[in-house]
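J.: Input: one structure, supplied below.
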Amino acid sequence: MGTAKRRFSLRLTKLEAMRRRVRKEQEGIREGQGQGQVGTKLTAINQECEQLRQETNQIIQQSAHTQLRLSLMFNILKARQQAHFHKAQHLTALLRSLLNTTSFKPL
Numbered sequence: 000m001g002t003a004k005r006r007f008s009l010r011l012t013k014l015e016a017m018r019r020r021v022r023k024e025q026e027g028i029r030e031g032q033g034q035g036q037v038g039t040k041l042t043a044i045n046q047e048c049e050q051l052r053q054e055t056n057q058i059i060q061q062s063a064h065t066q067l068r069l070s071l072m073f074n075i076l077k078a079r080q081q082a083h084f085h086k087a088q089h090l091t092a093l094l095r096s097l098l099n100t101t102s103f104k105p106l
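Numbering-wise, the sequence shown is residues 0 to 106 according to numbering that gives the first Met the number 0.
Right, dumping it as structure tokens:
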């Protein structure tokens with residue numbers, strides 16, 4: 000997930016640079032030039048923003064699933080230490096069920 004965050008950060012930096020360029024081009028529009036270029040670039044920026052939002056939501060969802068799995072694993076270990084084997088068995092079955100039903104799409 001570290002690489003996903005890095006890619007997200009790089010794309011965000013590119014997006015900020017593109018927005019700065021658009022600002023400069025908007026100044027040119029006020030002077031009456033480059034209006035068509037700004038429209039196409041603005042559309043591209045908006046599309047990239049939407050893609051970043053989707054990737055961010057996917058990262059958040061993956062984090063939540065990871066946190067849930069880690070919590071279940073911790074509780075399984077805790078139940079085994081306290082000799083609550085029935086509870087550990089139930090939690091293990093729940094974890095297996097979660098792992099079988101959860102599928103992640105790569106970014």
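Backbone N, C-alpha and C define an ideal beta-carbon position, used for all residues, glycine too.
Quick one: grab the DSSP three-state call for His89.
T.: Your numbering for residue 89 matches position 90 in the sequence shown. Looking at His89 - three-state DSSP - the assignment turns out to be helix.
J.: Quick one: Cα of Ser8 to Cα of His89, how far?
T.: Counting from 1 along the sequence shown, the entry for residue 8 is found at position 9. Counting from 1 along the sequence shown, the entry for residue 89 is found at position 90. Roughly 40 Å between the two C-alpha positions.
J.: Measuring CA to CA, which of Gln25, Ala87, Gln50, Arg95 is closest to Lys40?
T.: As a position in the sequence shown, residue 40 is number 41, starting the count at 1. When only C-alpha atoms are compared, the closest one is Gln25.
J.: Under 7 Å between the Cβ atoms of Arg79 and Ala87?
T.: Here residue 79 refers to the residue found at position 80 of the sequence shown. Here residue 87 refers to the residue found at position 88 of the sequence shown. Contact flag set, yes.
J.: Less than 7 Å between the beta carbons of Leu14 and Glu47, yes or no?
T.: On the sequence shown, position 15 is the one that residue 14 refers to. On the sequence shown, position 48 is the one that residue 47 refers to. Yes, these two residues count as a Cβ contact at 7 Å.
J.: On the CB-based measure, 16 or more other CB atoms within 10 Å of its CB, does Leu106 come out buried or exposed?
T.: Within the sequence shown, numbered from 1, the residue matching residue 106 stands at position 107. Low local confidence applies: a pLDDT of 45 at Leu106 is under 50, so the model's placement there is unreliable, with the coordinate-based value given in what follows. Flag for Leu106 reads exposed.
J.: Could you give the C-beta distance for Ile75 and Thr65, rounded to a whole number, given that I count them as a contact under 8 Å?
T.: For this step, residue 75 is matched to residue 76 along the sequence shown. For this step, residue 65 is matched to residue 66 along the sequence shown. Their Cβ separation, rounded to whole angstroms, is 16 Å, which puts Ile75 and Thr65 out of contact at 8 Å.
J.: Is it the case that the Cβ atoms of Ile44 and Met72 are separated by a distance below 7 Å?
T.: Sequence index remark: in the sequence shown, residue 44 carries index 45 (1-based). Sequence index remark: in the sequence shown, residue 72 carries index 73 (1-based). Going by C-beta atoms, Ile44 is not nearer than 7 Å to Met72.
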